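A.B. asks:
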Amino acid sequence: MEKLSHPWWSSAVVYQIYPRSFCDSDGDGIGDLRGIIGKLDYLADLGIDVLWLSPVYASPQDDNGYDISDYDAIDPLFGTLADFDELATGLHDRGIRLVMDLVVNHTSDEHAWFVESRDPASPKRDWYHWRPAREGFEPGTPGAEPTNWASFFGGSGWAYDEASGEYYLHLFSPKQPDLNWENPEVREAVYAMMRRWVDRGVDGFRMDVINLISKTLPLADGRQEQGAPYSDEVERVANGPRMIEFLEEMNAAVGIDERQLFTVGEMVLCDADRARAYTSREHPRLGMVFTFEHMSLDQGGFSKFDLRPLHLPELKKNLAHWQTALADDGWNSLYWENHDQPRVVSRFGDDSPGHRVAAAKAWATVLHLHKGTPYVYQGEEIGMTNAGFTSIDDYRDIESLNFYHEAVGAGADPAAVLAGLGLKSRDNARTPIPWGSDEPSYGFTRGTPWLPLNANADTINVQAALAASDGVLEHYKRLIALRHELEVVQLGRFELLLADDPKLWVFTRTLSSETVLVVANMSSEACGVPVDELPRLGEAELLLGGSGGDIQTLDPWEARVYLIRN
Ligand code: NOJ
């Protein structure tokens, strides 16, 4: 296929579904594929171009499907392959492409490959990272792990296998052993599996923690803070020397570029320069990456649960840095939320009843007017808030539960640990979608939901959102339509203004004779605008937001978008 100067996703908006929390059709309390099929018109009406489906493959569900035991099967919890095909057809009929999660840094420990690999004599032994105990240590005793690496979910990154007397690497849970990408058979098996899904009609992949697949060899100790149980030096495990090679090989083997498949790589420790190398149009390796840089700006210390207040200029400058770094080559993804992050209106905005709607709209506006491909995570489009759980019994997420038990076990105050979870736990964004207001479980399920719904589902639900003519949902529709309609929104050059202003987020996007100006008050107080420092608004058309009145003072969370024709 001819190489496009601007790939099709430069004008696309992606919607992410976390299937177990979207809509349940069979009453088992867990969302499923038929539940999604029943909501296709809702998605089409929103105007999205791509649906990214978090994993629905066969899985023991230790990490809610990010632990896959059969890449070619749909987990019965979610439905069947026939349901999957019906979903793909239903999406394609509505002009929406389907992107699958690709989880290939690790499999489940119940995957046939790993089961076979447990036998030291098996040809699959080398498909995973097996290592003997540290020299001088008795296998299975404290400190005997081959390296001092931590797992992202707490504890050591190595699990001891008594039967063989060796350890296997798991950067996530012990039920998620890391595949050994150095082995060419592993790579070919992954590419073949990807080709099967593409042949089935899948339009691309969201690649889970993809820059962990190449590890620096030999696997060796990282720096360990004094008193810390393990090394948290992620640099040792991320961005290994063969990353580019593996991605290029995958691209060729699956025909990613040739078929214009959509790819986004989730990358811990990925800065903008690396992202440019991965997403350069000259050497296509990935369509775009998910960075974590902007997601760590409210992190105080070592752990993601140690919080500090967000300093708005830092966030603005971080996004601006990525816009500039990828201005001429490479491509950005734009996101505030996903199934691993809390709700943006609670995290960075103001979810109090008086401000929630305006704050959700303001955060949506600034994100969607940047250059890149925006992502909407289910429920974000109706301004859903954090779950606000106050008891550990309400949590289901493995990361949150491990963290709580480790911290409390080490003497931390349970109330303080719960406060951290209340703000940052992944379950904040995983609460089921409340579809209606007058049905049991708000129309999510006829049964018992696997995770409690938000306590505010009475007021924040899809039915109410659909009925509000000037609500958050309507605002998302307009933002999505703007991206489709205006080339300047797709491709315009970005410039940040008033970078150090602690409340205002102001920027322009310019393409030939058109300039889009965004002026947003990102605070819960009214805010004066230094109009002299903005481009001249004489001929400007107000595209979105505001009452159309004077711009000298913006209401709390008021965000305006102007189009200026030069
Ligand atoms: C990133 C995924 O988004 C997250 O949900 C998962 O726990 C880890 N990767 C491990 O697969």
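Residue 0 is where the sequence shown starts when you use numbering that gives the first Met the number 0, and the numbers rise one by one after that. Just so it is clear, CB atoms sit at the ideal spot from N, CA and C, and this is done for glycine as well. Here the structure is a predicted model, which means the values were calculated and not measured.
Tell me the start and end of each unbroken beta strand (DSSP E) in the stretch 253–308 that is at least 3 residues and wholly inside, in chain order.
C.D. replies: 261–265 and 287–289
A.B. asks: Measure the beta-carbon distance from residue 87 to residue 97 and round it to whole angstroms, keeping in mind my assumption that it falls under 8 angstroms.
C.D. replies: Sure, about 5 angstroms apart at Cβ, within 8 angstroms.
A.B. asks: Assign residue 439 to one of three DSSP states: helix, strand, or coil.
C.D. replies: helix
A.B. asks: In whole angstroms, what separates the C-alpha of residue 84 from that of residue 44?
C.D. replies: The C-alpha of residue 44 is placed about 21 angstroms away from the C-alpha of residue 84.
A.B. asks: For the beta strand (DSSP E) containing residue 15, list its first residue and its last residue.
C.D. replies: 13–16
A.B. asks: Just curious, the alpha helix (DSSP H) that residue 145 is in, first and last residue?
C.D. replies: Careful: residue 145 lies outside any alpha helix (DSSP H) and carries neither H nor E.
A.B. asks: From residue 380 to residue 47, what does the alpha carbon distance come to, in whole angstroms?
C.D. replies: Spanning the two alpha carbons is a distance of roughly 11 angstroms.
A.B. asks: Of all the beta strand (DSSP E) runs that stay within the bounds of the stretch 87–123, which reach a length of 3 or more residues?
C.D. replies: Listed in chain order, the complete beta strand (DSSP E) runs (minimum 3 residues) inside the stretch 87–123 are 96–101.
A.B. asks: Distance, Cα to Cα, residue 57 vs residue 77?
C.D. replies: In a straight line, the C-alpha of residue 57 is about 9 angstroms away from that of residue 77.
A.B. asks: With a threshold of 8 angstroms, establish whether the CB of residue 151 neighbours any heavy atom of ligand 1.
C.D. replies: yes
A.B. asks: I'd like the list of long-range same chain contacts for residue 275, defined as Cβ closer than 7 angstroms, with 5 residues on each side in sequence excluded.
C.D. replies: 324, 325, 328 and 329
A.B. asks: Measuring straight from C-alpha to C-alpha, what distance separates residue 309 and residue 296?
C.D. replies: Between residue 309 and residue 296, the C-alpha separation is close to 6 angstroms.
A.B. asks: Could you tell me the boundaries of the beta strand (DSSP E) in which residue 372 lies?
C.D. replies: 372–376
A.B. asks: Hey, quick one: how far does the alpha helix (DSSP H) through residue 44 stretch, first residue to last?
C.D. replies: 39–45
A.B. asks: Please classify residue 336: does DSSP put it in a helix, a strand, or coil?
C.D. replies: DSSP, read as helix, strand or coil, puts residue 336 in coil.
A.B. asks: Go through its chain and collect everything with a Cβ distance to residue 2's Cβ below 6 angstroms, but skip five positions before and after it.
C.D. replies: Low confidence applies to residue 2: its pLDDT is 47, below 50, so where it sits in the model is not reliable enough to give any reading.
A.B. asks: Can you tell me which of the three DSSP states residue 171 falls into?
C.D. replies: coil
A.B. asks: Mind listing, in chain order, the residues whose beta carbon lies closer than 5 angstroms to a non-hydrogen atom of ligand 1?
C.D. replies: 62, 65, 171, 207, 208 and 339
A.B. asks: Leaving out five residues on either side along the sequence, give the residues of the same chain with a beta carbon under 8 angstroms from the beta carbon of residue 377.
C.D. replies: 14, 15, 16, 17, 20, 21 and 432
A.B. asks: When the Cα atoms are used, what is the spatial distance from residue 559 to residue 106?
C.D. replies: 46 angstroms
A.B. asks: Note down the Cα distance separating residue 12 from residue 342, rounded to an integer number of angstroms.
C.D. replies: 19 angstroms
A.B. asks: Excluding the 5 residues flanking residue 498 on each side, which residues of the same chain have their C-beta closer than 8 angstroms to its C-beta?
C.D. replies: 312, 315, 316 and 319
A.B. asks: Does the beta carbon of residue 55 fall short of 8 angstroms from some heavy atom of ligand 3?
C.D. replies: Ligands displayed in this structure: ligand 1; ligand 3 is not among them.
A.B. asks: Looking only at its chain, what residues have a beta carbon closer than 8 angstroms to the beta carbon of residue 557, apart from the 5 residues adjacent to it on each side?
C.D. replies: 357, 361, 519, 520, 544 and 545
A.B. asks: DSSP puts residue 526 in a beta bridge; with which residues?
C.D. replies: 553
A.B. asks: Between which residues of its own chain and residue 59 is the CB-CB distance below 7 angstroms, once the five residues before and five after are set aside?
C.D. replies: 66, 68, 107, 109 and 174
A.B. asks: Closer than 8 angstroms is the cut-off here; do at least three beta carbon pairs connect the stretch 210–219 with the stretch 231–251?
C.D. replies: In short, these stretches touch, since the Cβ pair count reaches three.
A.B. asks: If you draw a straight line from the C-alpha of residue 0 to the C-alpha of residue 253, how long is it?
C.D. replies: Note that residue 0 scores 40 on pLDDT, short of 50, meaning its location in the model is unreliable and no value can be drawn from it.
A.B. asks: Just the Cα atoms here: how many angstroms apart are residue 124 and residue 490?
C.D. replies: 48 angstroms
A.B. asks: Measuring only the C-alpha atoms, how far is residue 71 from residue 192?
C.D. replies: 7 angstroms
A.B. asks: Using the DSSP secondary-structure output, state which residues sit across from residue 490 in a beta bridge.
C.D. replies: Within the DSSP secondary-structure output, residue 490 pairs in no beta bridge.
A.B. asks: Leaving out five residues before and five after residue 268 in sequence, what residues of the same chain have Cβ atoms less than 8 angstroms from its Cβ?
C.D. replies: Cβ within range, chain order: 210, 233, 234, 237, 238 and 291.
A.B. asks: With DSSP run on the structure shown, which of helix, strand or coil describes residue 160?
C.D. replies: Strand at residue 160.
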